[in-house]
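**Q** Encoded as structure tokens, here's the structure I'll be asking about.
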Amino acid sequence: MGRETRPGPSRRSASPHARNSKDRSRSASKHEESPEDKAKPNFNPSGLLAAATKTIKNVDGTSTVLKYHEPPEARKPTVGWRLYVFKGKEQMDVLHIHRQSAYLIGRDRAVADLAIEHPSCSKQHAVIQFRQVQEKTEFGEVKNVVKPFIIDLESTNGTQVNDEQIPESRYYELKLGDVIKFGESQREYVLLHDEAT
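Counting in full-length UniProt numbering, the sequence shown runs from 1 upward without gaps.
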């Protein structure tokens, strides 16, 4: 009896010479495709680095890098804190500092929340920062409170609280009635709040 040949799936020969030339040309063309479909690299500035460094663009086209970034524990105060500004015995101004969580103090009006004019003060001199901290009550319970702190931003002539120089780049807790001075300015900033009598 003779063998019947049925049409079925074609089998490939294991021999490399038996391959179809059509298969060879197809596989070669896959590797030789031109990369015209791929996007070309874009090396233009994206602005992401500037955003990460907290750079502020000024009206005149220049930019200013902020020295200070608020910490995660920054909170807006619940008490109406104020700075009473004195020069000698004369009261010059009252600054309400309870409307936001931080106030940058310095000569650079483009970035400062509280501008100071004295030439001994730095462009970004110090920051008053309200922070949420944990405090134990007299009964041993832990509660969250928002307190004012000041941090000197490595200013040239420093910051004083109650006539003592505070350390640079460290939070210094402020208390009710503290007197703050910036640089060699004679102006004194007295810290009080609404609930003080």
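Backbone N, C-alpha and C define an ideal beta-carbon position, used for all residues, glycine too. Predicted model only: the values in this text are computed from it and were never measured.
For the segment 40 to 111, list the beta strand (DSSP E) runs that are entirely contained and at least 3 residues long, ordered along the chain.
**A** Listed in chain order, they are 55 to 57, 63 to 65, 81 to 87, 90 to 96 and 102 to 106.
**Q** Under 8 Å: do the segment 184 to 195 and the segment 76 to 87 share three or more Cβ pairs, one atom per stretch?
**A** yes
**Q** How close, in whole Å, do the beta carbons of K181 and E188 come, if the pair is a contact with beta carbons under 8 Å?
**A** What you label residue 181 is simply residue 181 of the sequence shown in a count that begins at 1. What you label residue 188 is simply residue 188 of the sequence shown in a count that begins at 1. At roughly 6 Å, the Cβ-Cβ gap stays under 8 Å, so K181 and E188 are in contact.
**Q** Decide if K89 is buried, meaning its Cβ has at least 16 other Cβ atoms within 10 Å, or exposed.
**A** Counting from one through the sequence shown, the residue named residue 89 turns up at place 89. The residue in question, K89, is exposed, as its Cβ has fewer than 16 Cβ neighbours within 10 Å.
**Q** In the DSSP assignment, what are the bridge partners of I180?
**A** Working through the sequence shown from its first residue, we reach residue 180 at position 180. Beta-bridge pairing by DSSP links I180 to V161 and Y189.
**Q** For Q129, which of helix, strand or coil comes out of DSSP?
**A** Position 129 of the sequence shown, counting from 1, holds the residue named residue 129. Of the three classes helix, strand and coil, the one that applies to Q129 here is strand, per DSSP.
**Q** Could you compute how far the alpha carbon of K76 sits from the alpha carbon of I150?
**A** Looking up residue 76 in the sequence shown gives position 76. Looking up residue 150 in the sequence shown gives position 150. Rounded to the nearest angstrom, the two C-alpha atoms are 15 Å apart.
**Q** Thinking C-alpha only, which one of P72, Q129, E117 and R107 is nearest R99?
**A** One-based indexing of the sequence shown puts residue 99 at position 99. Out of P72, Q129, E117 and R107, Q129 has the C-alpha closest to the C-alpha of R99.
**Q** Take K67 and list the residues in its own chain whose beta-carbon comes closer than 7 Å to its own, dropping the five residues that flank it on each side.
**A** Residue mapping note: residue 67 aligns to position 67 of the sequence shown, counting from 1. Correct list, in chain order: Q124 and L153.
**Q** Are the beta-carbon atoms of V127 and T64 separated by less than 8 Å?
**A** Within the sequence shown, numbered from 1, the residue matching residue 127 stands at position 127. Within the sequence shown, numbered from 1, the residue matching residue 64 stands at position 64. No, the pair does not count as a contact, with Cβ atoms beyond the cut-off.
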